[in-house]
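Read through the structure below, which is laid out as structure tokens, and then see the notes.
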Amino acid sequence: MLTSLAKTVGRIPASWGRHAWSIGSEDPRRAVHALKAGTALTLVSLLYILEPFFQGIGKNAMWAVMTVVVVLEFTAGATICKGLNRGLGTVLAGCLALLIELVAAGTGKVLRAFIVGASVFIVGFAATYTRFFPAIKKSYDYGVLIFLLTFNLITVSSYRQQDVVSLTRDRLSTIAIGCAICLFMSLLVLPNWSGEDLHSSTVGKFQGLATSIEACVNEYFRDQDEGDDVLGKQEARASIQIGYRAVLDSKSSDETLAHYASWEPRHSMHCYSYPWQKYVKLGSVLRHFAYTVAALHGCLESEVQTPPSVRSLFRGPCTRVAREVAKVLQELAASIKHHRRCAPDVLSDHLHEALQDLNSAIRSQPRLFLGSKHACAANKRVLLMELNSGSGKLSASRAALRSFKTDATALSETRNARSDQPPPPSDRSERSGGLLRPTLSKIAITSLEFSEALPFAAFASLLVEMVVRLELVIEEVKNLERVANFRELATGHNHLIVDLGSKEKTRNSNAAALHPVSAAAE
487 MLTSLAKTVG
497 RIPASWGRHA
507 WSIGSEDPRR
517 AVHALKAGTA
527 LTLVSLLYIL
537 EPFFQGIGKN
547 AMWAVMTVVV
557 VLEFTAGATI
567 CKGLNRGLGT
577 VLAGCLALLI
587 ELVAAGTGKV
597 LRAFIVGASV
607 FIVGFAATYT
617 RFFPAIKKSY
627 DYGVLIFLLT
637 FNLITVSSYR
647 QQDVVSLTRD
657 RLSTIAIGCA
667 ICLFMSLLVL
677 PNWSGEDLHS
687 STVGKFQGLA
697 TSIEACVNEY
707 FRDQDEGDDV
717 LGKQEARASI
727 QIGYRAVLDS
737 KSSDETLAHY
747 ASWEPRHSMH
757 CYSYPWQKYV
767 KLGSVLRHFA
777 YTVAALHGCL
787 ESEVQTPPSV
797 RSLFRGPCTR
807 VAREVAKVLQ
817 ELAASIKHHR
827 RCAPDVLSDH
837 LHEALQDLNS
847 AIRSQPRLFL
857 GSKHACAANK
867 RVLLMELNSG
877 SGKLSASRAA
887 LRSFKTDATA
897 LSETRNARSD
907 QPPPPSDRSE
917 RSGGLLRPTL
927 SKIAITSLEF
937 SEALPFAAFA
947 SLLVEMVVRL
957 ELVIEEVKNL
967 ERVANFRELA
977 TGHNHLIVDL
987 GSKEKTRNSN
997 AAALHPVSAA
1007 AE
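Remember, my numbering sits 486 above the position in the sequence shown when you count from 1.
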């Protein structure tokens, strides 16, 4: 027992090491940032360790250490935002505290205590209340917090300490040193830019959605013979949601990265103000598009499924629509990644033709969606066998059977039968109590002639809705390209077009006129 316990304890460091290594391997910048933080703390601690610095600054050197701990962030924009907020809040608080000290210096002890207490109350109330303003809370909340902290420390300590000017000067200087070290490590030593992270995440969203759509449609039309591996099937379906889940959960991170990117100066050479908020708006449109992908994935998990024989009739058109949508998303991702405008014919004729093929395939199978006499007759036989098993309800069974007919003749026959023959007492008792036998309810559901095609109808309608929403995504991407001054597409640029009918890749230089997708969707 002790041996097994020792082995278990011995495996803990190894598991922790593997976990730490996996975190660093996902993004090597994390390890680099940790090294930068350790170096910055070592440099700022020299103010307290080395005797010459300690004699000049004293115990206030700890303020520099605290500044490095709270200001140094992963990206340069976050560090600049927190550093400037801390510096501005400290300077304003120090100036206001000195002003109050000058006013209270010539008064008595009691009046001075009253001035200090009143100033702490008024400034504390005003600063806390301003934190509720949306503009202040969004960009300067940390600065207001530092202002409140610094003002109270200096003002309250000035009541017992005589040399307030030197105290304020030392704290301002140490905080400035800490902020300078943080800015140096963030901007000049392997910087991480919030703008690049936002740009890369936007490209990844397009690629993830394209992968999810193709995987979802392929899984929907996968042969049942391949579904024997339950574990592999679950893993394949779980991998579908990775792409659209990243889009649905990106609202907070997009807004944060856009806010920090607005503080970064590196894009000022390209245009006056880089439109980071356009990335946030594009993310919102992508989330609206991702809801359709999530609903498409929900068709795989539905309890009512279309039989494989029916699905196989529409495998080709649906797969082609999904591939064309994924190809458009990949093209948009490539244009954003390389800061170039997308092709004017990004919605090519192939997508329009794929929608037309899907529409033609659905129209070629009207019996699946409108019902058939054979299916109606089969449902009658099943319902009669179920109802005849009961005793004393023959008339009720005939009325129930005729109620499932869909033509006008069956409806008139049912009404005439009900007018000529009153229902049995047992039937009245069941209806008065609002009860329906579970078997009758199940037969009523399964006897719908078009019940087998209903799940696929929902799946096909989601594909069409996805294409319509894709137009909104393309429009928002073009707005981003125009505002961000993406470079124009080179004349004669050859873009790759995948012909899913011949399974060959051809180069298309002269694009044909764009067919409106909305008309095809109709």
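Where is the CB? At the ideal position from N, CA and C, for every residue including glycine.
Annotated three-state conformation of Arg-973 is strand, per DSSP. Within the segment 630-706, the complete alpha helix (DSSP H) segments at least 4 residues long are 650-673 and 680-706, listed from N- to C-terminus. If you draw a straight line from the Cα of Ser-821 to the Cα of Gly-580, it comes to about 50 Å. Within the same chain, and ignoring the five residues on either side of Arg-515 in sequence, the residues whose Cβ sits closer than 6 Å to its Cβ are Asn-678.
Judged by DSSP secondary structure, Lys-767 falls within the alpha helix (DSSP H) whose first and last residues are 762-786.
In the DSSP assignment, Arg-826 forms a beta bridge with Arg-973.
Only exposed fits Leu-491, as fewer than 16 other CB atoms lie within 10 angstroms of its CB.
Selection Ser-659, Leu-658 and Ile-640 evaluated against Val-650 yields Ile-640 as nearest (Cα-Cα).
Taking a cut-off of 8 Å for Cβ pairs, the segment 700-709 and the segment 798-805 touch, as three or more such pairs fall below it. The straight-line gap separating the alpha-carbon atoms of Leu-533 and Val-577 is approximately 21 Å.
Cβ-Cβ distances below 8 Å link Gly-681 to Gly-563, Leu-743, Ala-747, Glu-750, Arg-752, His-753, Tyr-760 and Trp-762 in the same chain, with the five nearest sequence neighbours on each side left out; the list follows chain order. Under the 8 Å Cβ criterion, the segment 782-794 does not count as touching the segment 962-976, having fewer than three qualifying pairs.
Burial is judged here by how many other beta carbons sit within 10 angstroms of a residue's own beta carbon; Ile-543 has at least 16 and is buried.
Counting only runs of 3 or more residues that sit fully inside the segment 535-609, no beta strand (DSSP E) segment turns up.
Sorting Ala-591, Ala-612 and Asp-683 by C-alpha distance to the C-alpha of Gln-648 places Ala-591 at the top. The way I'd put it, the segment 548-558 does touch the segment 660-669; three or more beta-carbon pairs between them come closer than 8 Å.
In this structure, DSSP gives Ser-511 a helical state, which the three-state scheme calls helix.
Across the structure, Gly-629 and Gly-569 are spaced so that their CA atoms are roughly 9 Å apart. Within the same chain, Cβ atoms closer than 6 Å to the Cβ of Phe-800 are found at Ala-847, the five residues on either side in sequence being excluded. Taking Val-811 as reference, the option from Leu-695, Tyr-765 and Arg-826 with the minimal CA-CA separation is Leu-695. When only Cα atoms are considered, Arg-617 and Lys-623 end up about 5 Å apart. By the 16-neighbour rule on beta-carbons within 10 angstroms, Lys-522 is buried.
Nearest to Leu-837 by alpha-carbon distance, out of Arg-809, Gln-816 and Pro-830, is Arg-809.
Going by beta carbons, Val-790 and Pro-941 fall inside the 7 Å limit. Thr-616 sits in a helix when the DSSP states are folded into three classes. Trp-502 sits in a helix when the DSSP states are folded into three classes.
Glu-962 sits in a helix when the DSSP states are folded into three classes. Cβ neighbours of Glu-967 within its own chain (closer than 6 Å, five residues either side excluded): Arg-827.
Minimum Cα-Cα distance from Arg-773 among the listed residues Phe-707, Arg-955 and Arg-655 corresponds to Arg-955.
Classified as buried, Phe-560 has 16 or more neighbouring CB atoms from the shown chains inside 10 Å of its CB. Measuring C-alpha to C-alpha distances from Leu-674 to each of Gln-541, Glu-741 and Ala-526 identifies Ala-526 as the nearest. Look at Val-790 here: in three-state DSSP terms it is coil, with no helix or strand label. For Gln-851, there is no enclosing alpha helix (DSSP H), since its DSSP letter is neither H nor E. Check the Cα spacing between Lys-964 and each of Phe-619, Ile-728 and Pro-830: the tightest is with Pro-830. In summary, Lys-813 is buried, with 16 or more beta-carbon neighbours lying within 10 Å of its beta-carbon over all protein chains present.
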